[in-house]
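Just so we're aligned: 129 in this note's numbering is position 135 of the sequence shown, and the numbers increase by one with no gaps anywhere. Backbone N, C-alpha and C fix where the C-beta goes; we use that ideal spot for every residue, glycine too. See below for the structure under consideration.
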Amino acid sequence: MKYFIWTEAVGCGEILPPMLKSYLAHHNLQINVIGNYKDLEFINGINSIQVNRISVESFGLKFSRKLKESYKYGHTGTALLWYQIIKSRSEKLLIHLDADTIFLDNCVDLILNKIGLDRKSTRLNSSHLVISYAVFCL
-5 MKYFIWTEAV
5 GCGEILPPML
15 KSYLAHHNLQ
25 INVIGNYKDL
35 EFINGINSIQ
45 VNRISVESFG
55 LKFSRKLKES
65 YKYGHTGTAL
75 LWYQIIKSRS
85 EKLLIHLDAD
95 TIFLDNCVDL
105 ILNKIGLDRK
115 STRLNSSHLV
125 ISYAVFCL
């Protein structure tokens, strides 16, 4: 099953290092980190092929300006970014991990295994299945 695991920190890149360090300590899967150029600078010291940096500027100047304006209104910016990600991805399974999550164990493999079983048994036919995981993995 193809999947896309991502987190975003637009305007709050300072929360990324603890999240990514704990993620990398417990997971072997790639994570896509979305933020503006300034946010992504906070993770320059994290050198891992598992971390794929995606700048919001890569979605185009018009979108990045609209996103910057939307974030002034809180979750409006988050919703716009999610819409862009979901619209642009071809994977069937999208897993969002909050950037302020601290991982204490490998929970993503558990999610993938469970979804794999559930997809066979319930025959989900939607174009995307999105999971947002925002709790501590104990």
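Beta-carbon gap between N46 and N26 smaller than 8 Å: yes
Own chain partners of S64 with C-beta closer than 7 Å, once the 5 adjacent residues on each side are dropped: T70, G71, L74
In terms of residues, what are the limits of the alpha helix (DSSP H) holding E51? Careful: E51 lies outside any alpha helix (DSSP H) and carries neither H nor E.
Under a Cβ-count criterion, where at least 16 other Cβ atoms within 10 Å of its own Cβ denotes burial, should I(-1) be classed as buried or exposed? buried
I(-1) in three-state terms, based on DSSP: strand
Test item: CB-CB of M13 and D94 under 8 Å: yes
Alpha helix (DSSP H) segment containing H20, residue limits: 10 to 20
If you count every other CB in all the chains shown that lies within 10 Å of the CB of E8, and 16 or more means buried, which is it? exposed
Using DSSP bridges, identify the partner residues of L23. L23 is not bridged to any residue.
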